[in-house]
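**Q** So that we are looking at the same thing, I have put the structure below in structure tokens.
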Amino acid sequence: MADFVSGFWNWFIIIPTVIGIVALFPLIFSNRGTKVPGEEAEKMGHIWDGDLEEYNNPLPGWWLNMFIITLVFGIVYLVLYPGLGNFTGMLGWSSKGQYEAQVEKAEADYGPLYKKYAAVNIETLAKHPDALKTGERLYANYCSGCHGSDARGAKGFPNLRDQNWLYGGLPDQIKTSIVAGRNGVMPPWEAVIGADGARDVTEYVLSLSGREHDVEAATKGKVQFGSLCAACHGADGKGNQALGAPNLTDRIWQYGGSKESIIETISLGRNGQMPAHKDFLGEDRIHVLAAYVYSLSQEYEKD
Amino acid sequence: METESLAKSDYGTTSQVAKHSRHEDLEQALYEKRQKIYPRQVHGLFARLRLSGVVVLMGIYYLTPWFMWDDRQAILFDLPGRKFYIFGLIFWPQDLIYLSALLILAALSLFFFTALAGRLWCGYACPQTVWTEVFLWIERKIEGDRMRQIKLDKAPWNGRKLAIKGAKHGAWIALSLWTGYTFVGYFTPIRDLGESLLTLGLGPWETFWVFFYGFATYGNAGWLREQVCIYMCPYARFQSAMFDNDTLIISYDTARGEPRGSRKRSVDPRQLGLGDCIDCTMCVQVCPTGIDIRNGLQYQCIGCAACVDACDDVMDRLGYEPGLVRYTTENALDGKAAHIIRPRMLIYAAILITLLIAVVVSIAARTPTKMDVIRDRNALFRETGEGLVENVYTLRILNKDNQMHSYVLTLEDQPDMELLIEQPEVTIEAGAVADVTARLRIDPVDLKSRSTEVQFRLHSADGSISVAEPARFVGPLP
Chain A
273 MADFVSGFWN WFIIIPTVIG IVALFPLIFS NRGTKVPGEE AEKMGHIWDG DLEEYNNPLP
333 GWWLNMFIIT LVFGIVYLVL YPGLGNFTGM LGWSSKGQYE AQVEKAEADY GPLYKKYAAV
393 NIETLAKHPD ALKTGERLYA NYCSGCHGSD ARGAKGFPNL RDQNWLYGGL PDQIKTSIVA
453 GRNGVMPPWE AVIGADGARD VTEYVLSLSG REHDVEAATK GKVQFGSLCA ACHGADGKGN
513 QALGAPNLTD RIWQYGGSKE SIIETISLGR NGQMPAHKDF LGEDRIHVLA AYVYSLSQEY
573 EKD
Chain B
7 METESLAKSD YGTTSQVAKH SRHEDLEQAL YEKRQKIYPR QVHGLFARLR LSGVVVLMGI
67 YYLTPWFMWD DRQAILFDLP GRKFYIFGLI FWPQDLIYLS ALLILAALSL FFFTALAGRL
127 WCGYACPQTV WTEVFLWIER KIEGDRMRQI KLDKAPWNGR KLAIKGAKHG AWIALSLWTG
187 YTFVGYFTPI RDLGESLLTL GLGPWETFWV FFYGFATYGN AGWLREQVCI YMCPYARFQS
247 AMFDNDTLII SYDTARGEPR GSRKRSVDPR QLGLGDCIDC TMCVQVCPTG IDIRNGLQYQ
307 CIGCAACVDA CDDVMDRLGY EPGLVRYTTE NALDGKAAHI IRPRMLIYAA ILITLLIAVV
367 VSIAARTPTK MDVIRDRNAL FRETGEGLVE NVYTLRILNK DNQMHSYVLT LEDQPDMELL
427 IEQPEVTIEA GAVADVTARL RIDPVDLKSR STEVQFRLHS ADGSISVAEP ARFVGPLP
């Protein structure tokens, strides 16, 4: 409630509200009207259509009482709960506080289960059917949007089922990817080598995986590759997991394996983002999730 | 039966008698304090019919939750599980349309039976009537017949009155709680509910509803009785819109009965210039809503035919023809020919039967399996290493049947497309849902357009079930 730009608004709310409530009491009591039982109520004095008149009948008892109860309730409410400007209410309730209480309760409910899983190492956990079911649900919730509901990825989002890993496929490496995120940056080389240079390097890259290529251009490209690309991708093009530089000698292409795609990758660069999930999911949930993802790339019987 | 002489105020009627006793000087009050009605016990054909109705309906209500079917309760409305079990039939949320059909059938039956014979529902089947009957029976057994009840109410509060009233309310409360318990037993398995009750482990909502329905039963059947019919129920007010001149209503034959008056049994009333009505007021005394049917059909009349039985009994003892108060039609009373079977009845009946057959056939022909195809949306399509285009689908398969099934998934009419699925056969338990991931793969050269309609087909392994579901395959611009 400390969101007002100036203190003026705080009082702008408090004063009319309080005056309004307080003023309603004399208003309602002075207009109750009285009537002696057995006699007619007094008339209001207006006459329409010759003989149509209005009685000043008293407010019904039930109506009056409910009105007063409402006023009293309103006062009690405004004392206990926020409503009068910046005043937070004597009970200190806030919607943020309610949310935090719910998160705490969820932690109390589910925390022990995750703590149990956190004590088991990922390789073992990846064979545990219940943990895998939980991991599957976590995956469906948080990962399937980018990596696909079958975990085989899409353009720009790695396939988690194969044995090909940009940053390493060991359990701890997978876990780090999820916890801290990854950022695979391929610099744009167009300014440096130009369109022709990009084409030449592309031909050379195609040759690395044994695909059809222009031999002459590839020879030129190899020189460029050695000076510019080998630093990250390695002289043999096998990649570098420490940097997340892909292996160029295989047939797996993160952004597309056609010649056009590779030219685009080299010219314009790429910026792969894996978000960090540490604050979002917490280590314990990531532990189970990592076990699930690890299990996807392994082929063994689950008990 | 000896004619008992009673003071007028003893039979507790509506405004008619009350008005005459009020001093004319007082202003007319708009609010009238309720006079308790002590309906006199009645015997006869219609009383027996009503009793049968009570026994059958109450029997169904109290006994049904105890029936079992396979391993579960036969009739169970499992709200958290989103399934309604009715013997061998299981209704899923997708079947909610049958509830609408049921309500339409109920409305049509209402029109049909009301046009036929007036307030048959009110007098014979309505829960308010049925439970009030039972509560009145309990009251009669504990407090005694009508005269005793009136005397007891007039007596000062002493030990005896306290004991009797306590016993009666105790019995009422016990039955009410049992009613509430039975009601909740339709939603939570009644045996488990009983166990929880005995071990005092009932959940908060179950506790609330048991007491709520118990309290409602006790209040409505014990205290409110005819006030529900007179003040609360809308049926009373719109009945006149559903009647016509050929509807069977309970009516006093004015032509035959008037002028009314007492006479010796041996005398022929016609010679005295009297009608058949001897003004014994039996019809008024047995009326549970406290009206005088001789004044004509009133909105308070619930069509219970107690007055018919009572008057027939008196007519019998006097040797007159029965039926002074009887089921008849306005037309018949006016001397015109009665048409019970008329276009309106035939049309209602025809629509009712047609709809009933349609609903039954529809339920019998339900497919016990449903498949939903959910296409991956974030990345529209995926290119494989070889340059083929893939779409990923999550297939949610619901086995709505009573038994386990194995299913095989195929793709229809797409020779260029390949279906890839982890498991060739998916086995799903009875009443369970399974998610299966499948991929469709095609060479982009074979794609004719950006978006292609495809059809998945699911067969059960034994061949009895086959469902098809369309989906879209999205690829790059061709």
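Protein chains in written order, with the working numbering: chain A, 273 to 575; chain B, 7 to 484. Yeah, the Cβ is synthetic: ideal placement off N, Cα and C, and Gly gets one too. These figures come from a predicted structure and were not determined experimentally.
Please confirm if Ala385/B has its CB atom under 8 Å from at least one CB of chain A.
**A** Locating residue 385/B in the second sequence gives position 379, where the first residue counts as 1. With 8 Å as the cut-off, Ala385/B counts as an interface residue toward chain A.
**Q** Measuring CA to CA, which of Asn512/A, Asp321/A, Gly346/A, Pro460/A is closest to Gly441/A?
**A** Reading the first sequence from its first residue, position 169 is the one you call residue 441/A. Comparing Cα-Cα distances from Gly441/A to each of Asn512/A, Asp321/A, Gly346/A, Pro460/A, the minimum goes to Asn512/A.
**Q** Closer than 9 Å by beta-carbon distance: list the chain A residues that pair up with Thr400/B, in chain order.
**A** Here residue 400/B refers to the residue found at position 394 when the second sequence is read from its first residue. Under the 9 Å cutoff, chain A gives Ala412, Ser416, Ser421, Asp422.
**Q** Quick one: what's got a C-beta closer than 7 Å to His29/B's C-beta in the same chain, skipping five residues either side?
**A** Residue numbering aside, residue 29/B sits at position 23 when the second sequence is read from its first letter. At His29/B the pLDDT is 45, less than 50, meaning the model places this residue with poor confidence; the figure from the coordinates comes in the next sentence. So the list is empty, once near-sequence residues are dropped.
**Q** Alpha carbon to alpha carbon, what distance is there between His49/B and Pro275/B?
**A** Locating residue 275/B in the second sequence gives position 269, where the first residue counts as 1. Locating residue 49/B in the second sequence gives position 43, where the first residue counts as 1. Near 26 Å, if we compare the C-alpha coordinates of His49/B and Pro275/B.
**Q** For Gly402/B, which residues in the same chain have their Cβ closer than 6 Å to its Cβ, ignoring the five residues on either side in sequence?
**A** For this step, residue 402/B is matched to residue 396 along the second sequence. The amino acid at residue 402/B is misidentified as Gly; the sequence shows Arg. Cβ neighbours of Arg402/B beyond the five flanking positions: Asp378, Asp441.
**Q** Should Ser567/A be flagged as near chain B, meaning a C-beta pair shorter than 8 Å?
**A** As a position in the first sequence, residue 567/A is number 295, starting the count at 1. It does not: the Cβ of Ser567/A has no partner Cβ on chain B nearer than 8 Å.
**Q** Where do the ends of the beta strand (DSSP E) carrying Asn405/B lie?
**A** If you number the second sequence from 1, residue 405/B lands on position 399. Unbroken beta strand (DSSP E) run through Asn405/B: 395-405.
**Q** Could one say the Cβ of Phe301/A lies closer than 8 Å to chain B's Cβ atoms, at least one of them?
**A** Here residue 301/A refers to the residue found at position 29 of the first sequence. With 8 Å as the cut-off, Phe301/A does not count as an interface residue toward chain B.
**Q** With Ile434/B as the anchor, note down where its beta strand (DSSP E) starts and where it stops.
**A** Locating residue 434/B in the second sequence gives position 428, where the first residue counts as 1. Residues 431-434.
**Q** Excluding the 5 residues flanking Leu362/B on each side, which residues of the same chain have their C-beta closer than 8 Å to its C-beta?
**A** Position 356 of the second sequence, counted from the start, is the residue given in the question as residue 362/B. Leu111, listed in sequence order.
**Q** May I ask you to list, following chain order, the residues of the stretch 425-444 of chain B that have a beta carbon less than 7 Å from some beta carbon of chain A?
**A** Residues Thr443.
**Q** Any idea what DSSP makes of Gln277/B, helix, strand or coil?
**A** Mapped onto the second sequence, residue 277/B falls at position 271. Here Gln277/B sits in helix by DSSP.
**Q** Helix, strand or coil, according to DSSP, for Ser466/B in the structure here?
**A** As a working mapping, residue 466/B is identified with position 460 in the second sequence. In the structure shown, Ser466/B sits in a strand (DSSP, three-state: E or B).
**Q** Expressed to the nearest angstrom, what Euclidean distance is found between the alpha-carbon atoms of Ile196/B and Asp77/B?
**A** To locate residue 196/B, count along the second sequence from 1; it is residue 190. To locate residue 77/B, count along the second sequence from 1; it is residue 71. Roughly 13 Å separates the two Cα atoms.
**Q** Select from the stretch 504-526 of chain A all residues with a C-beta closer than 8 Å to any C-beta belonging to chain B, and list them in chain order.
**A** Here the close residues are Arg523, Ile524, Trp525.
**Q** Against chain A, with Cβ distances strictly below 8 Å, would Glu389/B count as a contact?
**A** Along the second sequence, read from residue 1 onward, the residue named residue 389/B stands at position 383. Yes, Glu389/B lies at the interface with chain A (some Cβ there is under 8 Å from its Cβ).
**Q** Starting from the Cα of Gly325/B, find the closest Cα among Met288/B, Ala438/B, Tyr333/B, Lys270/B and give me that residue.
**A** Position 319 of the second sequence holds residue 325/B. Here the closest residue by C-alpha is Lys270/B.
**Q** Measure from the C-beta of Asp315/B to each C-beta in chain A and report whether the shortest distance is under 8 Å.
**A** For the purposes of this step, residue 315/B is taken as residue 309 along the second sequence, with counting starting at 1. Cβ-Cβ to chain A under 8 Å: no for Asp315/B.
**Q** Are the C-beta of Asp76/B and some C-beta of chain A separated by less than 8 Å?
**A** For the purposes of this step, residue 76/B is taken as residue 70 along the second sequence, with counting starting at 1. Asp76/B does not count as touching chain A.
**Q** Kindly list the residues whose CB is nearer than 6 Å to the CB of Val460/B, restricted to its own chain and excluding five residues on each side of it in sequence; keep chain order.
**A** Residue mapping note: residue 460/B aligns to position 454 of the second sequence, counting from 1. For Val460/B, where only same-chain residues beyond five positions count, the Cβ hits under 6 Å are Gln420, Ala477, Phe479.
**Q** Report the neighbours of Lys427/A on chain B: residues whose CB is nearer than 8 Å to its CB, in chain order.
**A** Against the first sequence, residue 427/A aligns to sequence position 155. Residues of chain B passing the Cβ test: Ala385, Arg388, Glu389.
**Q** Between the C-alpha atoms of Gly554/A and Ile66/B, what's the straight-line distance to the nearest angstrom?
**A** Within the first sequence, the letter at position 282 stands for residue 554/A. Within the second sequence, the letter at position 60 stands for residue 66/B. Looking at the two C-alpha atoms, the distance is approximately 55 Å.
**Q** Mind listing, in chain order, the continuous alpha helix (DSSP H) runs of no fewer than 4 residues lying wholly within the stretch 372-431 of chain A?
**A** DSSP runs (the alpha helix (DSSP H)) wholly in the stretch 372-431 of chain A: 394-397, 401-414, 416-419.
**Q** Could you confirm whether any beta carbon from chain A is found closer than 8 Å to the beta carbon of Pro265/B?
**A** Position 259 of the second sequence, counting from 1, holds the residue named residue 265/B. Answer no: the Cβ-Cβ gap between Pro265/B and chain A never drops below 8 Å.
**Q** Report the rounded CA-to-CA distance for Thr537/A versus Asp472/A, giving the unit in angstroms.
**A** Counting from 1 along the first sequence, the entry for residue 537/A is found at position 265. Counting from 1 along the first sequence, the entry for residue 472/A is found at position 200. Between Thr537/A and Asp472/A, the C-alpha separation is close to 13 Å.
**Q** If we cut at 8 Å on Cβ distances, does Gly441/A have a partner in chain B?
**A** Within the first sequence, numbered from 1, the residue matching residue 441/A stands at position 169. Chain B, which has no Cβ nearer than 8 Å to the Cβ of Gly441/A, makes this no.
**Q** Going by DSSP in three states, Gln445/A sits in which element: helix, strand or coil?
**A** Your numbering for residue 445/A matches position 173 in the first sequence. Looking at Gln445/A - three-state DSSP - the assignment turns out to be helix.
**Q** On the DSSP bridge list, what partners appear for Ala444/B?
**A** Within the second sequence, residue 444/B is the residue found at index 438, counting from 1. For Ala444/B, which the question treats as bridged, DSSP gives the partners Tyr399/B, Ile427/B.
**Q** How about Val292/B and Ala312/B: do their beta carbons lie closer than 8 Å?
**A** The residue given as residue 292/B occupies position 286 in the second sequence. The residue given as residue 312/B occupies position 306 in the second sequence. Result yes, Cβ atoms of Val292/B and Ala312/B sit closer than 8 Å.
**Q** Name, going along the chain, the residues of the stretch 356-382 of chain B whose beta-carbon falls closer than 9 Å to a beta-carbon of chain A.
**A** Residues passing the 9 Å Cβ filter: Ile380, Asp382.
**Q** Is Phe339/A near Ile285/A, with beta carbons less than 8 Å apart?
**A** The sequence position of residue 339/A within the first sequence is 67, counting from 1. The sequence position of residue 285/A within the first sequence is 13, counting from 1. The answer is no: Cβ separation not under 8 Å.
**Q** Exposed or buried, which one is Ser27/B when buried takes at least 16 other CB atoms within 10 Å?
**A** Within the second sequence, numbered from 1, the residue matching residue 27/B stands at position 21. Residue confidence is low: Ser27/B scores 44 on pLDDT, short of 50, so the model does not pin down where it sits. Its coordinate-derived value is still stated next. Answer is exposed; the Cβ neighbour count stays below 16.
**Q** Could you tell me which residues DSSP puts in a beta bridge with Ala562/A?
**A** One-based indexing of the first sequence puts residue 562/A at position 290. Answer is none; Ala562/A lacks a bridge partner.
**Q** How far does the beta strand (DSSP E) with Pro476/B in it reach, from first residue to last?
**A** Here residue 476/B refers to the residue found at position 470 of the second sequence. 472-480 is the span of the beta strand (DSSP E), which, as asked, contains Pro476/B.
**Q** Provide the residue(s) that pair with Trp320/A in DSSP beta bridges, ordered along the chain.
**A** Working through the first sequence from its first residue, we reach residue 320/A at position 48. In the DSSP output, where bridge partners are listed per residue, Trp320/A has Leu324/A.
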